[in-house]
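For reference, the structure is listed below as structure tokens.
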Amino acid sequence: MEKTENGSTATTTDEPKINYRGIKAMPFVIGNETFEKLGTTGTATNLLVYLTAVFNMKSITATNLVNVFNGTCSFATLIGAFLSDTYFGRYKTLGFASVASLLGMLLVTLTAAVSKLHPPACDSSGSAACPGPTPWQMAFLLSGLGLLVVGAAGIRPCNLAFGADQFNPETESGKRGISSFFNWYYFTFTFAMMVSLTVIVFVQTDVSWAWGLGIPAFMMFLSCVMFFIGTRIYVKVRPEGSPITSVIQVMVAAVRKRQLKQPEQPWVSLFNHIPKSSINSKLSYSDQLRFLNKAAILTPEDEINSDGSAANPWRLCSLQKVEEIKCVIRVVPIWAAGIIYYVAMVQQQTYVVFQALQSNRHLGNTGFNIPAASYGIFIMIGLTIWIPIYDRIIVPWLQRYTKKEGGITLLQKMGIGMVLAIVTMLLSAIVEDRRRAFALSKPIGIDSRRRAISSLSAMWYIPQLTLIGLSEAFTIIALMEFYYKQFPENMRSIAGSFTHIGFALANYLNSILISVVHKITKVAPTGDWLPEDLNKGKLDYIYYLVAALEVLNLGYFIMCAKWCKYKESVITSPDVGMEDLQSEKPVV
1 MEKTENGSTA
11 TTTDEPKINY
21 RGIKAMPFVI
31 GNETFEKLGT
41 TGTATNLLVY
51 LTAVFNMKSI
61 TATNLVNVFN
71 GTCSFATLIG
81 AFLSDTYFGR
91 YKTLGFASVA
101 SLLGMLLVTL
111 TAAVSKLHPP
121 ACDSSGSAAC
131 PGPTPWQMAF
141 LLSGLGLLVV
151 GAAGIRPCNL
161 AFGADQFNPE
171 TESGKRGISS
181 FFNWYYFTFT
191 FAMMVSLTVI
201 VFVQTDVSWA
211 WGLGIPAFMM
221 FLSCVMFFIG
231 TRIYVKVRPE
241 GSPITSVIQV
251 MVAAVRKRQL
261 KQPEQPWVSL
271 FNHIPKSSIN
281 SKLSYSDQLR
291 FLNKAAILTP
301 EDEINSDGSA
311 ANPWRLCSLQ
321 KVEEIKCVIR
331 VVPIWAAGII
341 YYVAMVQQQT
351 YVVFQALQSN
361 RHLGNTGFNI
371 PAASYGIFIM
381 IGLTIWIPIY
391 DRIIVPWLQR
401 YTKKEGGITL
411 LQKMGIGMVL
421 AIVTMLLSAI
431 VEDRRRAFAL
441 SKPIGIDSRR
451 RAISSLSAMW
461 YIPQLTLIGL
471 SEAFTIIALM
481 EFYYKQFPEN
491 MRSIAGSFTH
501 IGFALANYLN
511 SILISVVHKI
521 TKVAPTGDWL
531 PEDLNKGKLD
541 YIYYLVAALE
551 VLNLGYFIMC
561 AKWCKYKESV
571 ITSPDVGMED
581 LQSEKPVV
């Protein structure tokens, strides 16, 4: 029997005393999710173009700022998850983060709406220098982006779990509700991305930046209203402490006992107390990372409590806890390979926008220009078309031949996605070479910065964008499932943060990569690879460089995959789907 923040109790009987109102809470939760995603994606999707068009930043500076912003938003999710699980709980964290996001969007909107908060427009004749932002204009913009980072830190790791908390995981109707919520969650994400990449981007680039950024801010305001209206009927789960402490305890205990010898039969002699309340599956002994076993060696100095637990967990840890930490460590090399893989994705989300700006974006024979940032929608189209085909047709066919769940293993799926990423970068280099050649030989006009616009249709970017979408369908989804299955049950929120942290580091790595290349090639005889005018640069060389990096990463991944050992339980149980994530976690 356990307690929530409002003092009610939860039991495992058929009539729990907690008043779960899953269906009644869903209009508020789903409404909050939908408006929040429309707000955040609507603001961030076209940020690269906004910085160059309104704040007159150079493309290198704008790309680095966007990479750092995206990376910080993703990396901050670990901090948000830690604070939520340890101190505040998901409701308070989401409430605070939502307000922070709203304030951040309002500040960014003001930079577009108030002329004194952004630099004057560039002289289209090119006779005068293009003025950049003043320090206080930049400070105002960064304040808005900083608040958006605070919002992302709390919203991203908590919103999915908070919605699932509203259903009783002990009943069939509750389990069905959780499954339905996950489906609606991903639907709202796709819907928000589609709207952001089309309608909102069109308003921003062709109508007004003030209106284009004001609409997402209003959506975020509606998100906050929907969230707080449902306060009385929400189930608010108390924080139960962060499992990160267990990781540190095992490390400290192993270092303290580093002088001790390994026992001959560790699976028999090592201390292995498992609390009855633990939700983690019992793990079998593994012979990898044997140094950590020393944390479970029982010495005369170690004291044991009456319930069998260690009196000082910073000196003595159970073998179960050691094996759980081994599972986490075994994930890290695969996670590192994922970071390098993400660089290819980041490239398709940044420089393709600049390529499209210097390409023929006319829709057929009409006079309508497709916004440069809208081409990213083809990544999602590739994803959404491929996943049902793969899941309903290809997987059953593979299962008949391989006799494996899912047709192929998770590591094999990751490898296929990495190969597709290499092909994507090679194709991107070829298309860029043709775009630049057409811009120099057959330009169709000059843009506001006196740069030639290539006659090559921007539709030629669709194959590479679709291909990276297919790659994402293999690698990203497999990585998320891999983290979920390999992490101990009480660390699956941290497992979800691993994906965001990987994106964060990839954005930082990509920013460092283009900065180093820019500085080196700027003084090289071959000329700058990444000038303001792509027609004078060698962006295709960057794509070839990333392709080579991905080839090396694929070799590293194969070595790690051969070493990696899947988590093994003493008593195996059927795999738990994503929709059952909350059903394994008691309400406390």
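The sequence shown begins at 1 in full-length UniProt numbering and counts up by one. Heads up, the beta-carbon is just placed ideally off N, CA and C, and yes, glycines get one too. Please read all numbers here as calculations on a predicted model, not as lab measurements.
- By alpha-carbon distance to Leu363, the top candidate from Tyr375, Gly144, Val516 is Tyr375.
- Distance check between Gln288 and each of Leu260, Lys58, Glu323, Asn369 places Glu323 closest, using alpha-carbon atoms only.
- In this structure Tyr484 is in contact with Ala495, their Cβ atoms being roughly 6 Å apart against a cut-off of 8 Å.
- With a contact defined as Cβ atoms closer than 8 Å, Gln262 and Asn293 qualify at about 6 Å.
- In this structure, Ala373 and Val201 form a Cβ contact; the two beta carbons are roughly 5 Å apart against a cut-off of 8 Å.
- For Lys321, the enclosing alpha helix (DSSP H) starts and ends at 319-357.
- Under the three-state reduction of DSSP, Asn70 is assigned to helix.
- Secondary structure of Ser457 (DSSP, three-state): strand.
- A check of alpha carbon separations from Ala478 across Pro157, Leu411, Leu427 identifies Leu411 as the nearest.
- In this structure, Phe35 and Met226 form a Cβ contact; the two beta carbons are roughly 6 Å apart against a cut-off of 8 Å.
- Thr499 and Met480 have their alpha carbons spaced roughly 7 Å apart.
- If you draw a straight line from the Cα of Ser441 to the Cα of Thr45, it comes to about 32 Å.
- Fully enclosed alpha helix (DSSP H) runs of no fewer than 4 residues occupy 395-402, 410-441 of the segment 395-454, in order along the chain.
- Annotated three-state conformation of Asn369 is strand, per DSSP.
- Just measuring C-alpha positions, the residue of Ser281, Thr41, Ile215 sitting nearest Arg156 is Thr41.
- Straight across, the Cα-Cα distance linking Pro463 with Leu470 is about 11 Å.
- With the rule of 3 Cβ pairs closer than 8 Å, the segment 313-320 counts as touching the segment 243-254.
- Leu283: not part of any alpha helix (DSSP H); DSSP gives it neither H nor E.
- Exclusion of the five residues before and after Gly71 leaves Phe503, Ala504, Leu505, Ala506, Asn507, Tyr508, Ser511 as the residues of its chain whose Cβ lies within less than 8 Å of its Cβ.
- Under the three-state reduction of DSSP, His362 is assigned to strand.
- A direct Cα-Cα distance of roughly 12 Å separates Gly132 from Leu117.
- About 7 Å separates the Cβ atoms of Ala295 and Lys257, confirming a contact at the 8 Å cut-off.
- In terms of CA proximity to Ile248, Val328 leads the group Val328, Cys122, Arg451, Lys562.
- Cβ neighbours of Ala356 within its own chain (closer than 6 Å, five residues either side excluded): Ala372, Tyr375, Ala458.
- Contact annotation: the segment 83-97 touches the segment 147-162, with at least three C-beta pairs closer than 8 Å.
- Taking the Cα positions, Ile520 is about 10 Å away from Ile514.
- Annotation: the continuous alpha helix (DSSP H) that includes Phe140 extends over 135-165.
- In the DSSP assignment, Cys122 falls outside any alpha helix (DSSP H), carrying neither H nor E.
- Inter-residue distance for Ile408 and Thr43 is about 38 Å (C-alpha atoms, whole angstroms).
- Annotation: Tyr342 to Ala76 spans about 18 Å, alpha carbon to alpha carbon.
- Shown here, Ile542 sits in a helix according to DSSP, grouped into three states.
- The Cβ atoms of Ala100 and Gly151 lie closer than 8 Å to each other.
- Counted as a single uninterrupted DSSP element, the alpha helix (DSSP H) harbouring Phe221 occupies residues 209-229.
- Counted as a single uninterrupted DSSP element, the stretch harbouring Val199 is not any alpha helix (DSSP H), since DSSP gives it neither H nor E.
- CA-CA distance, Leu51 to Ala439, rounds to 24 Å.
- In chain order, Ala429, Glu432, Asp433 place their CB closer than 6 Å to the CB of Asp540, counting only its own chain and leaving out the 5 sequence neighbours on each side.
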